[in-house]
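**Q**
In the numbering used here, the protein residues as written are 9 to 246.
1. Quick one: give me the first and last residue of the alpha helix (DSSP H) that residue 131 is part of.
2. Give the list of continuous alpha helix (DSSP H) stretches no shorter than 4 residues that lie fully inside the segment 171 to 208.
3. Quick check: the segment 92 to 105 against the segment 24 to 31, are at least 3 beta-carbon pairs closer than 8 Å?
4. Could you tell me the distance, in whole angstroms, from the CA atom of residue 199 to the CA atom of residue 170?
5. Who pairs with residue 28 in a beta bridge, going by DSSP?
6. Taking the alpha carbon of residue 179 as the point to measure from, which residue in 167, 202, 162, 163 has its own alpha carbon closest?
7. Here's the rule I'm using: 16 or more other beta-carbon atoms within 10 Å means buried, otherwise exposed. How should residue 155 be labelled?
8. Quick one: give me the first and last residue of the alpha helix (DSSP H) that residue 114 is part of.
9. Would you grab the beta carbon distance between residue 91 and residue 80 for me? Rounded to a whole angstrom, and I think it's under 8 Å.
10. Quick check on the burial criterion: 16 or more other C-beta atoms within 10 angstroms. Buried or exposed for residue 138?
11. On the criterion of 16 or more Cβ atoms from any shown chain inside 10 Å, does residue 193 qualify as buried, or is it exposed?
12. Just verifying my parser: in three-state terms, what is the DSSP assignment at residue 135?
13. What's the gap between the Cα of residue 118 and the Cα of residue 244?
14. Could you say which of 174, 246, 145, 57 lies nearest to residue 229 if we only look at CA atoms?
15. Classify residue 26 as buried or exposed, calling it buried when 16 or more other Cβ atoms lie within 10 Å of its own Cβ.
16. Taking three-plus beta-carbon pairs below 8 Å as touching, is the segment 125 to 136 in contact with the segment 158 to 168?
17. Which term fits residue 44, buried or exposed, when burial requires 16 or more other beta carbons within 10 angstroms of its beta carbon?
18. Going by the CB atoms, is the gap between residue 189 and residue 149 shorter than 8 Å?
19. Within the continuous alpha helix (DSSP H) that includes residue 78, where are the two ends?
20. Can you tell which of 86, 35, 69 has the C-alpha that lies nearest to the C-alpha of residue 56?
21. Rounded to whole angstroms, how far is the Cβ of residue 163 from the Cβ of residue 236, which I believe are closer than 8 Å?
22. To the nearest angstrom, how far is it from the Cα of residue 50 to the Cα of residue 120?
23. State yes or no: is the beta carbon of residue 201 nearer than 8 Å to at least one beta carbon in chain B?
24. Could you check the C-alpha separation between residue 74 and residue 241 for me, to the nearest Å?
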């Protein structure tokens, strides 16, 4: 007889669900020779989630629904994998911690914060810490520079600077962008110049092909809305 793993009720999990990697869940299940009904049965019998049905498991795998933190942890147990293997690209501090399978106490201790202080930062999305603590967090969670900017709450400011740089003169923004994303000056200059050209070239091409200013404006807005992603992509290929 299966032992029941005691988990907090998923219905009382007040934290927003982590980004779920539906294709990975489907692939892992198929690799174990299970169907959605087998998964649902295990979640009910071994993890005390009586409401889970094969239809719910199927909805998770299709991306029509997202499992809560509790459900994701249980699903990882059923599929014999770590929770991190079922999480899409983490964005928040909490998501990165969960992806690494670490408890809040582990991270708080590792970076030198009191637990309640660390938990408050997870809840608010506002990082408070020294450069030494940022370095410790980076090592502990395996963060890239893009991740560090996001989890320390500086991504929106970076986006604001980048939008100004690509829509006007990019040169005055090199130093300010470098304070948020500490890269070599030559690299930053090359990346900002490229983004500026990409934005201008994209707008010009849209107008010349379609002759529609509304389309050009919509495409320009889309480029600016995704400016941070464009920035990190350009950094990677520098």
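Yeah, the Cβ is synthetic: ideal placement off N, Cα and C, and Gly gets one too.
**A** Put simply:
1. As a working note, residue 131 is residue 123 in the chain shown. Where residue 131 is concerned, the enclosing alpha helix (DSSP H) stretches over 123 to 132.
2. For the segment 171 to 208, whole alpha helix (DSSP H) runs of length 4 or above, ordered along the chain, are 182 to 188.
3. yes
4. As a first step, residue 199 must be located in the chain shown, where it is residue number 191. As a first step, residue 170 must be located in the chain shown, where it is residue number 162. Rounded to whole angstroms, residue 199 to residue 170 spans 10 Å at the Cα level.
5. In the chain shown, residue 28 corresponds to position 20, counting from 1. DSSP output for residue 28 lists 95 as bridge partner(s).
6. Position 171 of the chain shown, counted from the start, is the residue given in the question as residue 179. Out of 167, 202, 162, 163, 202 has the C-alpha closest to the C-alpha of residue 179.
7. By 1-based counting over the chain shown, the position of residue 155 is 147. Per the 10 Å Cβ criterion, buried.
8. Numbered from its first residue, the chain shown carries residue 114 at position 106. First-last of the alpha helix (DSSP H) with residue 114: 112 to 119.
9. The residue given as residue 91 occupies position 83 in the chain shown. The residue given as residue 80 occupies position 72 in the chain shown. The C-beta separation of residue 91 from residue 80 comes to about 6 Å, placing the pair in contact by the 8 Å criterion.
10. Translated into positions along the chain shown, residue 138 becomes position 130. The residue is exposed, with fewer than 16 neighbouring Cβ atoms inside 10 Å.
11. Residue numbering aside, residue 193 sits at position 185 when the chain shown is read from its first letter. Label assigned to residue 193: exposed.
12. Translated into positions along the chain shown, residue 135 becomes position 127. Coil, per DSSP.
13. Taking the first residue of the chain shown as 1, we reach residue 118 at position 110. Taking the first residue of the chain shown as 1, we reach residue 244 at position 236. Taking the straight line from one Cα to the other gives about 29 Å.
14. The sequence position of residue 229 within the chain shown is 221, counting from 1. Nearest of 174, 246, 145, 57 to residue 229, Cα basis: 174.
15. On the chain shown, residue 26 is found 18 positions in, with the first residue counted as 1. By the 10 Å Cβ count, residue 26 comes out buried.
16. yes
17. Within the chain shown, residue 44 is the residue found at index 36, counting from 1. Residue 44 comes out buried.
18. In the chain shown, counting from the first residue as 1, residue 149 sits at position 141. In the chain shown, counting from the first residue as 1, residue 189 sits at position 181. No; because the gap between Cβ atoms is not below 8 Å, this pair is not in contact.
19. Here residue 78 refers to the residue found at position 70 when the chain shown is read from its first residue. Looking at the DSSP string, the run of the alpha helix (DSSP H) that includes residue 78 is 77 to 86.
20. What you label residue 56 is simply residue 48 of the chain shown in a count that begins at 1. Residue 56 has its Cα closest to that of 86, out of 86, 35, 69.
21. For this step, residue 163 is matched to residue 155 along the chain shown. For this step, residue 236 is matched to residue 228 along the chain shown. About 6 Å separates the two Cβ atoms, so the contact holds.
22. Counted from its first residue, the chain shown places residue 50 at position 42. Counted from its first residue, the chain shown places residue 120 at position 112. Roughly 39 Å between the two C-alpha positions.
23. Note that chain B does not occur in the displayed structure, where there is just one protein chain.
24. Looking up residue 74 in the chain shown gives position 66. Looking up residue 241 in the chain shown gives position 233. Cα to Cα, the separation comes out at about 28 Å.
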